[in-house]
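To start, the structure under review is shown below, and the notes come after it.
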Ligand SMILES: Cc1ncc(C[n+]2csc(CCOP(=O)(O)OP(=O)(O)O)c2C)c(N)n1
Ligand code: SF4
Ligand code: SF4
Ligand code: SF4
Ligand SMILES: [Mg+2]
């Protein structure tokens with residue numbers, strides 16, 4: 006959080022979190038970045054399902070997956086689970 | 056009894072996340088994947104209530120929330136009590152025509168500490184009273200949020216900060232409490248175990264737990280790289296190995312009738328596919344001491360106990376094995 010967005014007098018009594026965490030970027034946590042080989046990727050979507058951070062999404066229009074590095078923490082689960090070894094983790 | 060909804064990878068990928076990106080869980084957090092997945096299986100409007108623990112903390116750091124559905128934090132011990140209250144309130148509001156929705160489902164979420172230990176009386180009571188809700192236990196096998204203390208769900212031999220492996224003890228001396236069997240003993244309509252590698256099995260079980268009338272209990276295996284001293288990239292792999300070694304078998308009990316689920320049936324029907332527990336243990340720092348001469352005897356104990364529990368489960372599922380186990 007940057008500057009105080011609401012003073013304590015304006016906060017709902019029960020402490021309601023009101024801002025979606027998609028406004029809080031966690032992508033700068035990573036030391037490794039996933040790089041996908043487009044040739045090897047079969048669009049099986051397993052990486053989309055297993056990413057703990059929802060940082061890989063299916064773009065139905067493009068018929069392809071997309072990485073959102075703003076949220077990727079570089080854990081390497083996608084690379085580990087990819088059946089065709091299409092993802093490589095590269096040191097930033 | 057259940058709708059025949061089959062989840063495909065595309066269905067799930069196309070469904071918007073209800074557990075959002077931007078949460079503060081560690082890289083490679085198993086419970087975070089579990090929450091993302093289970094929230095893809097809801098059937099409609101759903102209220103979630105979450106006991107204190109990692110998943111509550113990482114998803115509700117003020118003013119941010121990672122929940123795109125109504126979500127209520129509750130105390131460490133009260134996930135089930137809170138769910139019971141919500142379910143009852145919804146019932147009354149519906150009776151008084153104060154809500155328009157035909158159906159609003161209620162999910163209670165808690166870790167192993169919030170389920171096996173401090174949350175069990177609230178859970179047992181809510182189930183005994185027959186409230187219609189799904190309780191999801193994400194089991195990362197210790198109190199992770201407060202710094203890896205042992206719980207009733209921590210397995211034999213695991214090193215935690217309150218069962219530290221060293222010169223005095225080889226990690227935790229007690230067994231993992233069979234929490235899902237304890238829930239079956241309540242005579243409740245639906246109990247199941249699941250593991251995220253087997254995502255379709257997990258989603259189907261979430262949906263069944265929601266659809267069933269009355270209380271449902273889902274025990275989900277959820278590797279924690281921070282507390283297990285494991286490679287963050289291996290969290291999902293560990294959730295596969297736990298099933299392949301039969302340390303964490305997958306099953307369902309509908310009205311107390313046990314049935315082995317497909318991923319575990321493989322090991323039951325072809326015992327040669329059942330892996331040795333060593334394969335699962337050796338990739339986790341919390342079991343590192345078991346691979347030293349001083350404590351290697353415990354490895355044998357863990358294998359024996361795993362096999363005994365597996366055989367007991369097969370019996371409950373009415374399965375007689377073709378040959379002797381691996
Ligand atoms: C009554 C009470 N005692 C202790 C605590 C401190 N506390 C907060 S979270 C936690 C551990 C939670 O463990 P678990 O349920 O396994 O969830 P995890 O953090 O592992 O996800 C503890 C002891 C508390 N919040 N309330
Ligand atoms: S898991 Fe691998 S093959 Fe499948 S969609 Fe992801 S990158 Fe492509
Ligand atoms: S490295 Fe981890 S966080 Fe990043 S996209 Fe892959 S699975 Fe998601
Ligand atoms: S300590 Fe474990 S359960 Fe908690 S956020 Fe980190 S990886 Fe997830
Ligand atoms: Mg825990």
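Chains as they are written, first to last, in the working numbering: chain A, 6 to 97; chain B, 56 to 381. Backbone N, C-alpha and C fix where the C-beta goes; we use that ideal spot for every residue, glycine too. Here the structure is a predicted model, which is why all the values come from computation and not from measurement.
Residue 137 of chain B: member of the alpha helix (DSSP H) spanning 134–150, first to last residue.
Look at the region 265–287 of chain B: the residues with a C-beta under 7 angstroms from a C-beta of chain A are 287.
Between the region 280–293 of chain B and the region 117–125 of chain B, the count of Cβ pairs shorter than 8 angstroms is below three; the stretches do not touch.
Along the region 43–66 of chain A, the positions whose C-beta sits under 8 angstroms from a C-beta of chain B are 49, 50, 51, 53, 54, 55, 56, 57, 58, 59, 60, 62, 63, 65, read in chain order. The beta carbon of residue 342 of chain B sits no closer than 6 angstroms to any heavy atom of ligand 1.
Neighbourhood of residue 68 of chain A in chain B, by CB distance below 7 angstroms: empty, with the nearest CB roughly 11 angstroms away.
Below 8 angstroms, enough C-beta pairs join the region 300–318 of chain B and the region 249–265 of chain B to call them touching: three or more. Nearest Cα to residue 301 of chain B within the set B:256, B:376, B:365: B:365. Using a Cβ distance threshold of 7 angstroms, residue 171 of chain B and residue 207 of chain B count as a contacting pair. Scanning chain B for C-beta atoms nearer than 9 angstroms to the C-beta of residue 13 of chain A yields nothing, as the closest lies near 11 angstroms away.
Within the chosen limit of 6 angstroms, ligand 3 reaches the beta carbon of residue 39 of chain A through at least one heavy atom. For residue 274 of chain B, the secondary structure class from DSSP, reduced to helix, strand or coil, is strand. Across the set B:316, B:76, B:269, B:370, the C-alpha of B:269 shows the shortest separation from the C-alpha of residue 146 of chain B. Residue 27 of chain A places its beta carbon 7 angstroms or farther from that of residue 95 of chain A. Taking a cut-off of 8 angstroms for Cβ pairs, the region 64–81 of chain A and the region 96–105 of chain B do not touch, as fewer than three such pairs fall below it. With distances taken between CA atoms, residue 51 of chain A lies nearest to A:89 out of A:97, A:93, A:89, A:12.
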